[in-house]
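Visitor: I have a structure I would like to understand better, so I am pasting it below and will then ask my questions one at a time.
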Amino acid sequence: MLNDTIAAIITALGPAGVGIIRISGSEALEIGDRVYKGKKSLQEVLTHSVNYGHVYDYKNKEVIDEALFLVMHGPHTFTGEDVVEIQCHGGYVVVQKVLELVLRNGARLAEPGEFSKRAFLNGKLDLSQAEAIMDIVNAKTDQSLKVAINQHQGKLSKTINKLRHNLLELLAYIEADIDFPDDDIERLTNEEIKERILSLRERVSTILATAKRGKIIREGLNVVIIGKPNVGKSSLLNALLKENRAIVTDIPGTTRDAIEEFINLGGVPIKIIDTAGIRDTEDLVEKIGVEKAKEFINKADLVLFVLDILTGVTEADRNILNNYLKDVPTIVLVNKSDLKDSNFDIESIKVAIGDDKAILQISALESEGIDELEKQILELFFSGQIDTSNDELITNVRHVQALTSALDYLESALNSLNLYLPSDFLAIDLKAAWESLGKITGETVEEDLLDQIFSQFCLGK
Ligand code: GDP
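The numbers in this note's numbering rise by one with no breaks, and the one at position 420 of the sequence shown is 534.
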């Protein structure tokens with residue numbers, strides 16, 4: 115039911131100065147009053163006012179906490195509904211107690227994403243903007259944040275809406291032609307229609323082409339470090355951690371022990387896939403077996419393959435290079451370059467590796483060559499530097515699917531045109547492309563898909 119009043123804790127649980135409980139819905143003010151002890155009824159105070167008082171359990175005559183009550187009347191609120199936010203003290207127990215009291219007094223516990231869903235259904239933001247909220251919350255670097263903020267501000271929506279508008283315009287011409295074939299109305303020639311579809315196709319392709327970079331900026335780059343024992347894998351990890359700010363995040367939906375460590379490499383979140391316990395003993399393949407090793411490598415966007423400059427490329431290295439790393443983006447790191455002696459021969463290493471992999475000399479111990487490695491990684495995935503000023507960076511798999519399907523329909527429309535099929539065929543495809551694009555902004559999304567999207571949000575969002 116959309117109109118019942120919901121509540122949830124909207125701040126992170128844990129010891130903190132402040133914790134916030136949000137109540138949203140038609141009865142927010144009444145329910146707020148049932149737990150509020152202060153000067154004036156919350157139903158009488160001005161909208162968007164801050165009201166000092168106590169969270170009070172009237173049944174048990176007990177003060178729960180001292181708090182500020184923010185009263186905000188719809189529609190000028192996040193959800194578009196009447197909202198009361200209770201700012202009490204932070205901490206595991208107190209916010210839970212306040213929430214329980216609110217629930218006992220008539221609110222229902224909000225489902226994950228339900229505040230955002232209501233904001234969407236009440237027209238406060240479109241679907242891609244709502245999705246960007248989670249991206250803002252989960253952003254791991256300045257760059258990821260920038261992309262998410264752009265999306266939240268509606269830059270992607272604007273692009274998509276413009277494309278849809280152009281499609282609709284074209285459809286109007288074609289349908290007028292179908293409906294009033296004999297009337298003297300303005301028409302487009304086949305050539306003009308084709309030009310317009312080609313231009314739309316071009317624009318959709320351009321946006322789609324950003325998806326790979328977008329995904330990396332949003333989710334990070336999975337990097338696996340591989341190499342024989344003692345070549346310096348742990349030292350490399352330490353050097354990377356030392357030079358780059360590490361970000362530790364919880365993986366949503368899991369317990370605290372599943373944490374990911376991200377390194378911020380020039381704005382790209384880099385996730386070193388943890389091969390803990392393997393690093394220090396034997397090499398990845400020997401220790402965990404062929405299948406498991408393949409799994410690790412398959413998950414990797416990039417493999418850092420470490421060699422020791424003194425031992426060069428051994429038979430085991432060759433085996434891994436030829437059998438596992440053939441089709442995976444790999445940078446070969448010739449480590450311990452501080453020890454290189456006169457016998458050292460980079461050319462023979464290059465011959466053994468082949469031309470398709472980048473080779474770099476580093477000293478993990480002395481942090482030499484780490485900057486160059488950083489540069490090469492950015493070069494490999496972003497052709498140099500990341501440009502997030504592009505407003506049309508696609509970061510979301512769902513958006514990629516919608517754009518791909520729109521592209522297919524445009525392709526099919528072009529085919530119909532080339533085959534001189536009746537205009538109805540053209541109209542059907544263009545309409546379908548228009549609908550596909552509408553899934554991004556949420557205008558043409560079915561109810562169950564909406565539920566699915568919002569249920570991926572965290573509690574209190
Ligand atoms: P792993 O088994 O591949 O993780 O290798 P480690 O990082 O544990 O390093 C093995 C040994 O090589 C340690 O004694 C390191 O101090 C040393 N080592 C690692 N990198 C370098 C380097 O760049 N130069 C020198 N001289 N020694 C290094």
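A virtual CB, placed ideally from N, CA and C, is assigned to each residue, including glycine. Since the structure is predicted, the reported quantities are computational estimates derived from the model, not experimental observations.
Could you check whether the Cβ of S348 sits closer than 6 Å to any heavy atom belonging to ligand 1?
Guide: In the sequence shown, the residue the question calls residue 348 occupies position 234. Because some heavy atom of ligand 1 lies under 6 Å away, the Cβ of S348 counts as near it: yes.
Visitor: Less than 8 Å between the CB atoms is what I'm expecting for L354 and L314, so what's the real figure, rounded?
Guide: Walking along the sequence shown from the start, residue 354 turns up at place 240. Walking along the sequence shown from the start, residue 314 turns up at place 200. The Cβ separation is near 44 Å, so there is no contact.
Visitor: Y523 lies in the alpha helix (DSSP H); which residues open and close that run?
Guide: Mapped onto the sequence shown, residue 523 falls at position 409. Counting along the chain, the alpha helix (DSSP H) containing Y523 begins and ends at 511-532.
Visitor: What three-state label does DSSP hand R85 in the structure shown?
Guide: Residue 85 lies beyond the range of the chain shown here (115 to 575); nothing can be said about it.
Visitor: Determine, using beta carbons only, whether K238 and G268 come nearer to each other than 7 Å.
Guide: Translated into the one-based positions of the sequence shown, residue 238 becomes position 124. Translated into the one-based positions of the sequence shown, residue 268 becomes position 154. Not in contact: K238 and G268 (Cβ atoms no closer than 7 Å).
Visitor: Let's test the definition: count the other Cβ atoms within 10 Å of the Cβ of R370 and tell me whether it reaches 16, buried, or not, exposed.
Guide: One-based indexing of the sequence shown puts residue 370 at position 256. Confidence in R370 is poor, its pLDDT being 35 and thus under 50, which makes the residue's placement unreliable; the coordinate value appears in the next sentence. Answer is exposed; the Cβ neighbour count stays below 16.
Visitor: If you count every other CB in all the chains shown that lies within 10 Å of the CB of D265, and 16 or more means buried, which is it?
Guide: Counting from one through the sequence shown, the residue named residue 265 turns up at place 151. Asp is not the amino acid found at residue 265; the sequence shown has Gln there. So Q265 ends up on the buried side.
Visitor: Run through DSSP, which three-state label would H279 get?
Guide: Position 165 of the sequence shown holds residue 279. The answer is helix: DSSP assigns H279 an H, G or I state.
Visitor: My output table needs one value for Q570: the three-state DSSP class, helix, strand or coil.
Guide: Here residue 570 is taken as the residue at index 456 of the sequence shown, counted from 1. Three-state DSSP puts Q570 in coil, outside helix and strand.
Visitor: In the DSSP assignment, the beta strand (DSSP E) including D249 goes from what residue to what residue?
Guide: As a first step, residue 249 must be located in the sequence shown, where it is residue number 135. Note, D249: premise wrong, no beta strand (DSSP E); alpha helix (DSSP H) at 241-252.
Visitor: Measuring alpha carbon to alpha carbon, tell me which residue in L160, K175, D179 is nearest V169.
Guide: On the sequence shown, residue 169 is found 55 positions in, with the first residue counted as 1. Checking every option, the nearest Cα to that of V169 belongs to D179.
Visitor: How many Å lie between C202 and A122 at the Cα?
Guide: Along the sequence shown, one-based indexing puts residue 202 at 88. Along the sequence shown, one-based indexing puts residue 122 at 8. Approximately 13 Å between the Cα atoms of the pair.
Visitor: Could you check the C-alpha separation between A478 and G468 for me, to the nearest Å?
Guide: Numbered from its first residue, the sequence shown carries residue 478 at position 364. Numbered from its first residue, the sequence shown carries residue 468 at position 354. Each residue's Cα considered, the two are about 23 Å apart.
Visitor: Does ligand 1 have a heavy atom nearer than 6 Å to the CB of P343?
Guide: Position 229 of the sequence shown, counting from 1, holds the residue named residue 343. P343 Cβ: within cutoff of ligand 1.
Visitor: So, with DSSP's three-state summary, where would you put Q201?
Guide: The residue given as residue 201 occupies position 87 in the sequence shown. Note: Q201 maps to strand in three-state DSSP.
Visitor: Does the distance from the CB of E199 to the CB of R136 come in under 7 Å?
Guide: Within the sequence shown, numbered from 1, the residue matching residue 199 stands at position 85. Within the sequence shown, numbered from 1, the residue matching residue 136 stands at position 22. Cβ distance < 7 Å, so E199 and R136 count as in contact.
Visitor: Counting C-beta neighbours from all protein chains within 10 Å, is the total for H279 16 or more, i.e. buried, or is it exposed?
Guide: By one-based count along the sequence shown, residue 279 stands at place 165. When all chains shown are included, H279 counts as exposed.
Visitor: With 7 Å as the threshold, decide whether the Cβ of L277 is near any Cβ in chain C.
Guide: Absence of chain C from the displayed structure is noted, only one protein chain being present.
Visitor: Applying the criterion that 16 or more other CB atoms from any shown protein chain within 10 Å of the CB defines a buried residue, is A323 buried or exposed?
Guide: For the purposes of this step, residue 323 is taken as the residue at position 209 of the sequence shown. A323 should be labelled exposed.
Visitor: Do S230 and A244 count as a contact pair if the criterion is CB distance below 7 Å?
Guide: As a working mapping, residue 244 is identified with position 130 in the sequence shown. As a working mapping, residue 230 is identified with position 116 in the sequence shown. Yes, the pair counts as a contact, with Cβ atoms nearer than the cut-off.
Visitor: Could you name each continuous alpha helix (DSSP H) segment of 4 residues or more that falls completely within the stretch 135-177, going from the start of the chain to the end?
Guide: Whole alpha helix (DSSP H) segments, 4+ residues: 142-148.
Visitor: Under a three-way DSSP split, which group does Q267 fall into?
Guide: In the sequence shown, counting from the first residue as 1, residue 267 sits at position 153. Correct three-state label for Q267: coil.
Visitor: Under 7 Å between the Cβ atoms of V345 and N449?
Guide: Your numbering for residue 345 matches position 231 in the sequence shown. Your numbering for residue 449 matches position 335 in the sequence shown. Their beta carbons are under 7 Å apart, which means V345 touches N449 by this criterion.
Visitor: Expressed to the nearest angstrom, what Euclidean distance is found between the alpha-carbon atoms of A142 and V164?
Guide: For this step, residue 142 is matched to residue 28 along the sequence shown. For this step, residue 164 is matched to residue 50 along the sequence shown. Going by the C-alpha atoms only, they are around 15 Å apart.
Visitor: If you draw a straight line from the alpha carbon of M248 to that of L351, how long is it in whole angstroms?
Guide: Residue numbering aside, residue 248 sits at position 134 when the sequence shown is read from its first letter. Residue numbering aside, residue 351 sits at position 237 when the sequence shown is read from its first letter. Distance between the alpha carbons of M248 and L351: 29 Å.
Visitor: What residue from S138, I542, K175, Y206 has the CA that sits closest to V132's CA?
Guide: Residue 132 sits at position 18 when you count from the first residue of the sequence shown. Checking every option, the nearest Cα to that of V132 belongs to Y206.
Visitor: Are there three or more Cβ pairs, one per stretch, closer than 8 Å when the stretch 511-530 is compared with the stretch 544-551?
Guide: These segments touch.
Visitor: Which residue wins for smallest C-alpha separation from K152, given the options K454, D171, S138, D422?
Guide: As a working mapping, residue 152 is identified with position 38 in the sequence shown. Looking at the sequence shown, residue 152 is not Lys but Gly. Comparing Cα positions, the closest option is D171.
Visitor: So which of E309, D422, P443, K326 has the shortest CA-CA distance to N532?
Guide: For the purposes of this step, residue 532 is identified with residue 418 of the sequence shown, where counting begins at 1. Closest by alpha carbon: E309.
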